[in-house]
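Accompanying notes for the structure given below.
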Ligand SMILES: [Zn+2]
Ligand SMILES: [Zn+2]
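So, in structure tokens, the structure goes:
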């Protein structure tokens, strides 16, 4: 295809300011990168945290977006793993050094020199983007559209969080029923788990959605579930949910925090952690997480519920996410 010299992009010039629509030069891949024509890019809560200045030191000006589904249209000279025409997904983890003590211990998600798509590297709120070949995942053809985008973060982080709990866990609570939860519930039910969905108070639409997707129970997060839970995963960025979830899980159960940012956690009495309950967070992803999840997704098959916006509606999409109005996952679709 003929690659234009300039492309439309939505740019974050400074935190706490709306994104600005600009025409900017189309990026050129270096020898290890590919140029990708963005088909769709998901809008993640992390984008809000970056835009609001809650995550330190973003690249500025910045193109947000780390849930990219697109097509390879040009290869750098050393690219051997991908071909033009390949449908790929680009996740949050955009680069690791392979040399630091974390990379050497198979914890590349904690790499000291990592690059993050849509945070320290330009992302997908644009018509084109570049990405390192080793950090692109091949996507099944069924995901070569808006439905594939949310798999790249909401799906992946949910999957990594889910893998942090005991394989034997059967009754799993999910706190915050948005993009990540609506994907994870499909994988968990495929593996014969029972899901208990907690939403904000009065969010009957999300509760209904959870039940439609097969949750055995849905209620708001002030309610107690009908059964003790074996494990809990918190996606809502609300610190007060930590003691609540610890309270809801049984002896030996884990509470996993899947978000990158959370409000302060209120102090709590030791007895809700006692009896070998565990509390942990999940940070970023490894390429192995991506490969396992994107192999599993078409087998389930995971279907995502998306609310579509155009590229130029990116600010509107962020606002809808902020106010909790998005049903499923918000996705920008390029024309
Ligand atoms: Zn490293
Ligand atoms: Zn994300």
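Residue numbers (the working numbering): 324 to 658.
Glycine residues also receive a C-beta, built at the ideal position from the N, C-alpha and C atoms.
Residue i to residue j, Cα distance in whole Å?
i	j	result
residue 604	residue 658	37 Å
residue 627	residue 470	5 Å
residue 510	residue 368	21 Å
residue 410	residue 393	6 Å
residue 597	residue 574	8 Å
residue 656	residue 388	12 Å
residue 535	residue 625	14 Å
residue 417	residue 485	22 Å
residue 464	residue 383	34 Å
residue 563	residue 589	6 Å
residue 577	residue 396	44 Å
residue 337	residue 374	8 Å
residue 442	residue 335	10 Å
residue 467	residue 362	7 Å
residue 613	residue 569	28 Å
residue 327	residue 427	40 Å
residue 650	residue 629	7 Å
residue 565	residue 581	11 Å
residue 490	residue 508	15 Å
residue 553	residue 402	45 Å
residue 638	residue 380	21 Å
residue 551	residue 599	15 Å
residue 436	residue 594	39 Å
residue 587	residue 324	50 Å
residue 364	residue 494	33 Å
residue 640	residue 557	23 Å
Less than 6 Å separating the Cβ of residue i from some heavy atom of ligand 2?
i	result
residue 367	yes
residue 476	yes
Which residues in the same chain as residue i place their Cβ atom closer than 6 Å to its Cβ, once the five residues preceding and following it in sequence are excluded?
i	result
residue 500	520, 522, 529 and 533
residue 584	372, 377 and 560
residue 453	350, 352, 356 and 358
residue 543	522 and 524
residue 446	386, 387, 388, 389 and 440
residue 405	357, 395 and 456
residue 475	390, 412 and 414
residue 481	503, 506 and 507
residue 601	577
Might you give, ordered along the chain, the residues of its own chain that have their beta carbon closer than 7 Å to the beta carbon of residue i, omitting 5 neighbours on each side?
i	result
residue 512	518 and 537
residue 548	496, 519, 540 and 571
residue 354	399, 400 and 401
residue 567	544
residue 483	605, 608 and 612
Would you list the residues sitting across from residue i in a DSSP beta bridge?
i	result
residue 331	346
residue 454	357
residue 416	439
residue 641	Per DSSP, none; premise fails for residue 641.
residue 656	363 and 633
residue 498	521 and 557
residue 394	360 and 410
residue 460	412
residue 385	335
Ligand 1 and residue i: does any heavy atom of the ligand fall closer than 6 Å to the residue's C-beta?
i	result
residue 607	no
residue 419	yes
residue 429	no
residue 434	yes
residue 426	yes
residue 364	no
residue 580	no
residue 459	no
Mind listing, in chain order, the continuous alpha helix (DSSP H) runs of no fewer than 4 residues lying wholly within the region 515-563? 527-535
Which ranges does the beta strand (DSSP E) cover as unbroken runs of at least 3 residues, wholly within the region 551-638, from first to last along the chain? If we require 3 residues or more, the beta strand (DSSP E) runs fully inside the region 551-638 come out as 552-557, 572-580, 601-604 and 629-633.
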